[in-house]
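Enquirer: Would you mind keeping the following structure in view while I ask a few things?
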Amino acid sequence: MARTGFCDSRQLLDLHMTEDRQAPLRTWANSCVLRGRRVFAEKEEVGSGQHYKPSQESRWVQRLPISAEDGIIMDYAPQDESITSDVYEEEALLKYLNRLPGPPSLRELMPGLLRREVEVAISKLGLLYDQTYAWDIFSDMMRSQLLCTLPNADLPKPFTDTTRAILVDWLTQVHEVFQFSEETLYLAVHLLNRALRLIKVSITGLQLLGVVCLFLAAKKEECLLPEVSELCYLMENAYSKKQLLRMERRVLTGLKFDLYYCPPLHFLLISASIARCSDKVVWMARYLLELSLLEGQCVVYLPVQLAGAALRLARSILQEAPTPDGETAWCIASSIHIGSEAALLSIMQIMAMAAARAHARETRATFIKFSTIQTLHVSMHPALKAAPGLLGLSCPQT
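Counting along the sequence shown from 1, when you hit position 21 you're at 21 in full-length UniProt numbering, and nothing is skipped either side.
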């Protein structure tokens, strides 16, 4: 498998490095001129064949700038008006959240409290340009995530969890080379998990399959794409352009052109904003969540469960002093994390063990990625080595 130098002494290949370093792809794209969306005033009509003359009551709604740090884009399709009324959405989401036993008073207040907090959180994070659709988008996320899990964690022979982890680690390095958004990495790993179970691939074609999944994810999430020749170069030209494009057709056919995925990162950022978490907690949770990409057992859990486990474990590791307002906010945020406590504990145990041995593993791309000053050095936090002990597990020997 081609190496990019993340975990050894070889210098990291960076196709963006020039004398004048270019801006990241998503940052460059966000600097482009934004197009406005016309919103007509009430009782305002424009006949066919007539030119519209703006009135004083009319207004323009522009897309808010996307955060260069998070680079989050959330697309959505128009819903049928007959099924998207406020009452329907609140009742549907309330039933969805009530799978967890909780205080009746909280369940009664959930539609109003959660709706308000979700709208504020999504607006604050810049996930949407119009807060009017925030609740509809969140409700759709909660429903559609059911399609994002796999029935079991078994891999077809001759692949193993170790082989998959090595490939995901290498894809993380390539993802960093092209400075893609985080959504691209999560989508690429999700497509890889599905493709491994739907497409017959040999060991020699595993790296090609991983690159194709990353390429497809970039086509869906990014504004600028790498050349096919660049992808072949990163694989040390072990495969030709023709082979890469042929594999791309195989993957799209096997997946039936279904590239949808609701990444757990979105649920994590929304929950952290509602819970008023500090930057340190958020970065720690993002680190734990990205470590879960290396763990094959996590493919059977819902994205919202992965996000909830990462956020809860991050709070336990950092042990920040609680405040009354913070605990109330956390109570509202934790109501999003559906599922049993046993499932949540199982995910936390997987993440804790992964974090405790991350510094000593061969697959260290995520550990290095989150050891920078921009990520507050969360991967090097001393409490991570004792994280399994917080959950009653024995800490791995180093």
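The beta-carbon is built from N, C-alpha and C at its ideal position, and this holds for glycine as well.
1. What separation, rounded to the nearest whole angstrom, lies between the Cα atoms of L187 and A217?
2. Give every residue of the same chain whose Cβ lies closer than 8 Å to the Cβ of A272, excluding the five residues on either side of it in the sequence, and list them in chain order.
3. My understanding is that V300 touches A153, with C-beta atoms under 8 Å, so please give their C-beta distance in whole angstroms.
4. Any idea what DSSP makes of Y287, helix, strand or coil?
5. Leaving out the 5 sequence neighbours to the left and right, which residues in its chain are closer than 8 Å to L252 when beta-carbon positions are compared?
6. Say yes only if the C-beta of V282 is nearer than 7 Å to one or more non-hydrogen atoms of the ligand SAH, and no if none qualify.
7. Nearest to I199 by alpha carbon, out of K219, R249, M235?
8. Does the separation of the CB atoms of L288 and L313 fall below 8 Å?
9. Indicate the three-state DSSP secondary structure (helix, strand or coil) for S144 in the structure shown.
10. With Q349 as the anchor, note down where its alpha helix (DSSP H) starts and where it stops.
11. For A360, tell me which candidate among L344, A342, S379 has the shortest Cα-Cα distance.
12. Under DSSP, the alpha helix (DSSP H) around M247 begins and ends at which residues?
13. For E320, which residues in the same chain have their Cβ closer than 7 Å to its Cβ, ignoring the five residues on either side in sequence?
14. Does the beta-carbon of P263 have 16 or more other beta-carbons within 10 angstroms, so that it is buried, or is it exposed?
15. Only counting the same chain, and skipping five residues up and downstream in sequence, which positions put a Cβ closer than 6 Å to that of G339?
16. In angstroms with no decimal places, state the Cα-to-Cα distance between N193 and Y261.
17. For P382 versus A356, is the C-beta spacing smaller than 8 Å?
18. Measuring only the C-alpha atoms, how far is R257 from S394?
19. Using the Cβ count rule (16 or more neighbours within 10 Å means buried), how would you classify G392?
20. What do you get for P322, buried or exposed, if any count of 16 or more other CB atoms within 10 angstroms of its CB means buried?
21. Could you give the distance in angstroms between the alpha-carbon of P388 and the alpha-carbon of Q243?
22. Let me confirm a value: D169 is counted as buried when at least 16 other C-beta atoms fall within 10 Å, else exposed. Which label applies?
23. Kindly give me the distance between the Cβ atoms of P156 and L196, rounded to whole angstroms, as I take these residues to be in contact under 8 Å.
24. Mind checking L245: buried by the 16 CB within 10 Å criterion, or exposed?
25. On the three-state DSSP scale, how would you describe F178?
26. Relative to the C-alpha of E182, which residue among E221, K241, D325 is closest?
27. Do you know how far the Cα of L209 is from the Cα of E230?
28. Return the chain-ordered list of same chain residues with a C-beta closer than 6 Å to the C-beta of L185, the five sequence neighbours on each side being excluded.
29. With 16 as the cutoff for other CB atoms within 10 Å, does L147 come out buried or exposed?
30. Taking Cβ positions, are L167 and L206 nearer each other than 8 Å?
31. Are the CB atoms of R164 and G254 nearer to each other than 8 Å?
32. Put D325 into one of helix, strand or coil per three-state DSSP.
33. How far does the alpha helix (DSSP H) with A153 in it extend, from its first residue to its last?
34. Tell me whether P226 is buried or exposed, calling it buried when 16 or more other Cβ atoms sit within 10 Å of its Cβ.
Expert: Taking the geometry as given:
1. Approximately 6 Å, taken between the alpha carbons.
2. Only V281, V282, A285, L311, A333 meet the Cβ criterion.
3. Contact between V300 and A153 holds, with the beta-carbon distance rounding to 6 Å and staying under 8 Å.
4. Looking at Y287 - three-state DSSP - the assignment turns out to be helix.
5. Annotation for L252: L216 place their beta carbon closer than 8 Å to its own, counting only its chain and skipping 5 residues before and after.
6. This structure lacks the ligand SAH, and indeed carries no ligand of any kind.
7. It is R249 whose Cα lies nearest to the Cα of I199.
8. Yes, Cβ-Cβ distance for L288 and L313 is below 8 Å.
9. DSSP places S144 in the helix class (H, G or I) of the three-state scheme.
10. Residues 341-356.
11. Out of L344, A342, S379, S379 has the C-alpha closest to the C-alpha of A360.
12. Start and end: 241-254.
13. Excluding sequence neighbours, E320 sits near S278, V281.
14. Around the beta-carbon of P263, 16 or more other beta-carbon atoms lie within 10 Å, marking it buried.
15. Result list for G339: Q305, in chain order.
16. In a straight line, the C-alpha of N193 is about 12 Å away from that of Y261.
17. No.
18. In the sequence on display, residue 257 carries Phe and not Arg. Their Cα atoms are separated by approximately 44 Å.
19. G392 counts as exposed, since fewer than 16 other beta carbons sit within 10 angstroms of its beta carbon.
20. With a 10 Å radius around the Cβ and a threshold of 16 neighbouring Cβ atoms, P322 comes out exposed.
21. Cα-Cα distance, rounded: 44 Å.
22. With 16 or more neighbouring CB atoms inside 10 Å of its own CB, D169 falls in the buried class.
23. Correct: roughly 7 Å between the Cβ atoms.
24. Exposed, by the Cβ-count rule.
25. It is coil, neither helix nor strand.
26. Considering only alpha carbons, the answer is E221.
27. Using only the alpha carbons, I get a separation of about 16 Å.
28. H175, listed in sequence order.
29. The residue in question, L147, is exposed, as its Cβ has fewer than 16 Cβ neighbours within 10 Å.
30. At the C-beta level, L167 and L206 come within 8 Å of one another.
31. With contacts defined as CB atoms closer than 8 Å, R164 and G254 fail to qualify as a contacting pair.
32. DSSP, reduced to helix, strand and coil, places D325 within a helical segment of the structure shown.
33. Segment: none, A153 is in no alpha helix (DSSP H) and carries neither H nor E.
34. Under this definition P226 is a buried residue.
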